[in-house]
Amino acid sequence: MLSDNYYSYVSFSDAKADSTEPFIGVSNFFKDTQYFKSLELGWVPSKEAFYMQNSHLIVWHSDGPRKQASDNYGANWSTIYKMGKWVPFFRAGVAKGPEALYKSSVVAGTGYLGVWDGTLGLAVGWASPNASLDDTYNSEIYYRINFGPVSLTPNIQYINSLPFNSKSDDAWIFGLRGHINVSL
Numbered sequence: 001m002l003s004d005n006y007y008s009y010v011s012f013s014d015a016k017a018d019s020t021e022p023f024i025g026v027s028n029f030f031k032d033t034q035y036f037k038s039l040e041l042g043w044v045p046s047k048e049a050f051y052m053q054n055s056h057l058i059v060w061h062s063d064g065p066r067k068q069a070s071d072n073y074g075a076n077w078s079t080i081y082k083m084g085k086w087v088p089f090f091r092a093g094v095a096k097g098p099e100a101l102y103k104s105s106v107v108a109g110t111g112y113l114g115v116w117d118g119t120l121g122l123a124v125g126w127a128s129p130n131a132s133l134d135d136t137y138n139s140e141i142y143y144r145i146n147f148g149p150v151s152l153t154p155n156i157q158y159i160n161s162l163p164f165n166s167k168s169d170d171a172w173i174f175g176l177r178g179h180i181n182v183s184l
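Quick note on UniProt numbering: the sequence shown kicks off at 1 and runs consecutively.
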């Protein structure tokens, strides 16, 4: 934390990382010198409210994971602000370079705390592909429930105008996200 209300976070990692072969990534980090770097600057009303009330800007640059390096860069803005039982959020980003799937995107939504013992939420979004393709629109309904330090979030998503799929123009996706909170 830079102060009681402002924080920063710096990241520097291997742009060619492959989670299926983590030890090769260590070698690539020093040998290939293709990196992903990011800087996050954020505001929180207090340290206790860090995850439910914050705004932050992330700027990033990547040398690209392909065999031939390429410049990729962008910026993302994210705000979440819990107000009573409502948790509205807004995210927007821009990117440039051949590795980015989208050149710009915006997502907005809200969660509502206390539906049974979880959070019921809705989000809608728009993205402009990094190619000469139609814009894509998406929506999601989700329900997050906590089991102690573990949370599960089943969700249903609808995506209209699939930009990188020539066989279908839209899709319904049923998903399940998981999160484990470990405190040291």
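Virtual Cβ for every residue (Gly too), placed ideally from N, Cα, C.
Range of the contiguous beta strand (DSSP E) that encloses residue i
| i | result |
| --- | --- |
| residue 40 | 35-43 |
| residue 182 | Per DSSP, residue 182 belongs to no beta strand (DSSP E) and is neither H nor E. |
| residue 78 | 72-81 |
| residue 57 | 53-62 |
Under 9 Å between C-beta atoms of residue i and residue j
| i | j | result |
| --- | --- | --- |
| residue 29 | residue 13 | yes |
| residue 158 | residue 119 | no |
| residue 95 | residue 74 | yes |
| residue 99 | residue 38 | no |
| residue 97 | residue 117 | no |
| residue 164 | residue 131 | yes |
| residue 178 | residue 152 | yes |
| residue 149 | residue 183 | yes |
According to DSSP, residues forming a beta bridge with residue i
| i | result |
| --- | --- |
| residue 121 | 111 and 142 |
| residue 12 | 37 |
| residue 170 | 160 |
| residue 153 | 177 |
| residue 96 | 73 |
| residue 136 | 127 |
Proximity winner among the options, relative to residue i (alpha-carbon distances)
| i | options | result |
| --- | --- | --- |
| residue 175 | 49, 139, 77 and 169 | 139 |
| residue 36 | 125, 10 and 148 | 10 |
| residue 125 | 51, 41, 56 and 92 | 92 |
| residue 103 | 80, 128 and 161 | 128 |
| residue 191 | 15, 38, 40 and 45 | The question about residue 191 has no answer here: the residues shown for the chain are numbered 1 through 184. |
| residue 41 | 177, 18 and 78 | 78 |
| residue 136 | 155, 153, 160 and 149 | 160 |
| residue 111 | 134, 131 and 86 | 86 |
| residue 34 | 49, 44, 43 and 17 | 17 |
| residue 64 | 101, 90 and 46 | 101 |
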